[in-house]
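What follows is a set of notes on a single structure, which appears directly below.
Spelled out as structure tokens, the structure:
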């Protein structure tokens, strides 16, 4: 029987190893991919490593991640060890209560802990940033250290310290020379767990940071919202660093043991070389970053511009070029939704520049959160397309300067979808069972209801609850009968690889898909679409509005706008950039998704309505429940 079990056990072990390590191997291989795709290898290249090393955001995040982890590990190891030793000498009832209290943070859902820390810092008016992240990491690492140290303390003879002091040792020497050496394996284990937890943490870090301070997990999360192969490069770098750490952990004690002939010597000194090498790697990488040289007229030398923008919504060079030109430092924070951005602004967090969408700009204006632009400081309006100026949410552009604009339409595989079907059915093609199981819906309540309302011939800004109910029924029919997959930004790479026949998509994302795969097309039904615009605005509580005006000019000028649009793929508000990129020899020549449609009377701009938004939010939640039940 034992002989029969061994092959089975080996197979299980191999499968477990493959399950854990094949995705990592896949990521490492694609970090050397020449192309932008995360799924199709087109050739060997180091371009994404170069991009990573040139990215101030990524290299600063790498430094932040490991500096926070090292400091948090050192502090939490000392505090946790001392607390565990002190607790071992307490009365049993106190010890039992404190052990349960110590277990609570580890058993708590991480999101609860994160919100607790966030509310604590808000309550005491502590400005969020590096220090708040560090304090939070120290706090959640301490229980893990205590949990590792306590079993070792319990295994000790309770009279050990007394015996040492009876032999002449001071209390401090009894602690450091007798107790600590006996519990060193527990201390080392606790330190390693603390280090791992800190490097790995995303949720708590995301809620307690601010002022542009980001660790790697936050940066990777932000980058994952759009196709960015630098994710693979920076993740591979982290794997290399962690591998080096593990090698040191395992090799250093052996070397120390050979040199000293004492195995304990290696164990006592295990943590120090590990953390020292980690710190050296991080400092080396941080020092490797290219630094901008001073020179020329730099009118904002030493000043800081705080921008709150969508993730992956700026070009590769615009921030560095602006810093070089002005002498200022740009701190960029990212949001996932207009609503997330609104909550921070409404709670009084100060930014110099925001990039919200049309309907949210309307809301911010109505509620008094924006200041009027000083047009005497702006020279950009004559460079912008007339089609994106004077829109209903800000008819005189008193508060906003367009950044990107576009439409929402249908991306489709021309080898699978008949264009005549699209022309005849429009959005109702999402109910055509010919394409069952081959359809993506975008996880956006606004745009999904826009599609349903337009398919039914209604305005996407309707306030009629009966029409909204009809749109809900239409969407439920779509998810229940079409085996529809509701996705977010993964639609971009999936459609570039032709994995479905069609899906609802933003025009800028469709531009990338079509540039990657010539079999993909983009269609906007004649029944209308969402003509959207994201624009730069200055909050009323901005601390540096002059620098914000300078950035608006810079981002709207040809070079800044070209860098943004060519990299991101969304349509530039700069008329010349739009023409160059879509013209002969341009990056998006022949791609109709890049040029937003004009002149269709059924196209609309979203209007903010709080009551309608609540209704749509509730109905969309029910649509997603119906989709999960159907699946």
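In the UniProt record's numbering, the protein residues as written are 1 to 631. Note that beta-carbon positions come from the ideal geometry of N, C-alpha and C, so glycine has one too.
State the DSSP-derived secondary structure class of residue i, mapped to helix, strand or coil.
i, result
"residue 551", "helix"
"residue 541", "coil"
"residue 534", "strand"
"residue 31", "coil"
"residue 467", "helix"
"residue 592", "helix"
"residue 428", "helix"
"residue 629", "helix"
"residue 634", "Residue 634 falls outside the range modelled here, since the chain spans only 1 to 631, and no answer is possible."
"residue 53", "helix"
"residue 202", "coil"
"residue 44", "strand"
"residue 36", "coil"
"residue 328", "coil"
"residue 338", "helix"
"residue 446", "helix"
"residue 303", "coil"
"residue 472", "helix"
"residue 579", "helix"
"residue 316", "coil"
"residue 213", "coil"
Since residue i sits in a beta bridge, which residues does DSSP pair it with?
i, result
"residue 333", "308"
"residue 382", "Bridge partners of residue 382: none, in fact."
"residue 440", "485 and 503"
"residue 520", "413"
"residue 604", "530"
"residue 402", "535"
"residue 571", "405"
"residue 370", "539"
"residue 357", "534"
Our contact map puts residue i next to residue j with C-beta atoms below 8 Å; I'd like the distance itself, whole angstroms only.
i, j, result
"residue 422", "residue 523", "5 Å"
"residue 439", "residue 495", "Actually they do not touch by this definition, with Cβ atoms about 11 Å apart."
"residue 597", "residue 407", "6 Å"
"residue 28", "residue 208", "At roughly 31 Å, the Cβ-Cβ gap does not stay under 8 Å, so residue 28 and residue 208 are not in contact."
"residue 578", "residue 530", "With 8 Å as the limit, residue 578 and residue 530 do not qualify as a contact, their Cβ atoms being about 19 Å apart."
"residue 468", "residue 619", "7 Å"
"residue 471", "residue 453", "5 Å"
"residue 402", "residue 533", "6 Å"
Just to confirm, does residue i get its C-beta within under 7 Å of one of the non-hydrogen atoms of the ligand SAH?
i, result
"residue 116", "The ligand SAH is not among the ligands present in this structure, which contains no ligands whatsoever."
Once the 5 residues before and after residue i are set aside, which same chain residues still bring their CB inside 8 Å of it?
i, result
"residue 350", "306, 539, 541, 542 and 543"
"residue 501", "412, 413, 416, 417, 435, 438 and 439"
"residue 178", "160, 161, 164 and 169"
"residue 632", "The structure shown does not extend to residue 632, since the chain is modelled only from 1 to 631, so the question has no answer here."
"residue 397", "373, 381, 389 and 390"
"residue 341", "308, 335, 354, 356 and 360"
Within its chain, find whatever has a CB closer than 6 Å to the CB of residue i; leave out the 5 residues flanking it on each side and keep chain order.
i, result
"residue 272", "Residue confidence is low: residue 272 scores 49 on pLDDT, short of 50, so the model does not pin down where it sits. Its coordinate-derived value is still stated next. Around residue 272: no qualifying Cβ."
"residue 363", "608"
"residue 365", "399"
"residue 561", "572, 574 and 577"
"residue 186", "148, 149 and 152"
"residue 51", "230"
Report all residues from its chain with a CB closer than 7 Å to the CB of residue i; omit the five preceding and five following residues, and keep chain order.
i, result
"residue 214", "61 and 64"
"residue 326", "298, 299, 300 and 550"
"residue 334", "222, 309, 310 and 311"
"residue 40", "497"
(request) Please determine if the stretch 556 to 576 and the stretch 314 to 330 are in contact, where contact requires at least 3 C-beta pairs separated by less than 8 Å. (result) yes
(request) Could you tell me whether the stretch 211 to 220 touches the stretch 60 to 79, using the rule of 3 or more Cβ pairs below 8 Å? (result) yes
(request) Flag this pair as touching only if the stretch 347 to 367 and the stretch 599 to 617 have three or more C-beta atom pairs under 8 Å; answer yes or no. (result) At 8 Å Cβ cutoff, the stretches touch.
(request) Evaluate the contact criterion for the stretch 182 to 202 versus the stretch 142 to 157: three or more CB pairs, one atom per stretch, below 8 Å. (result) The stretch 182 to 202 vs the stretch 142 to 157: in contact.
(request) Could you tell me whether the stretch 369 to 385 touches the stretch 572 to 579, using the rule of 3 or more Cβ pairs below 8 Å? (result) The stretch 369 to 385 is in contact with the stretch 572 to 579.
(message) Within 8 Å, do at least three Cβ pairs link the stretch 131 to 142 to the stretch 65 to 72?
(response) yes
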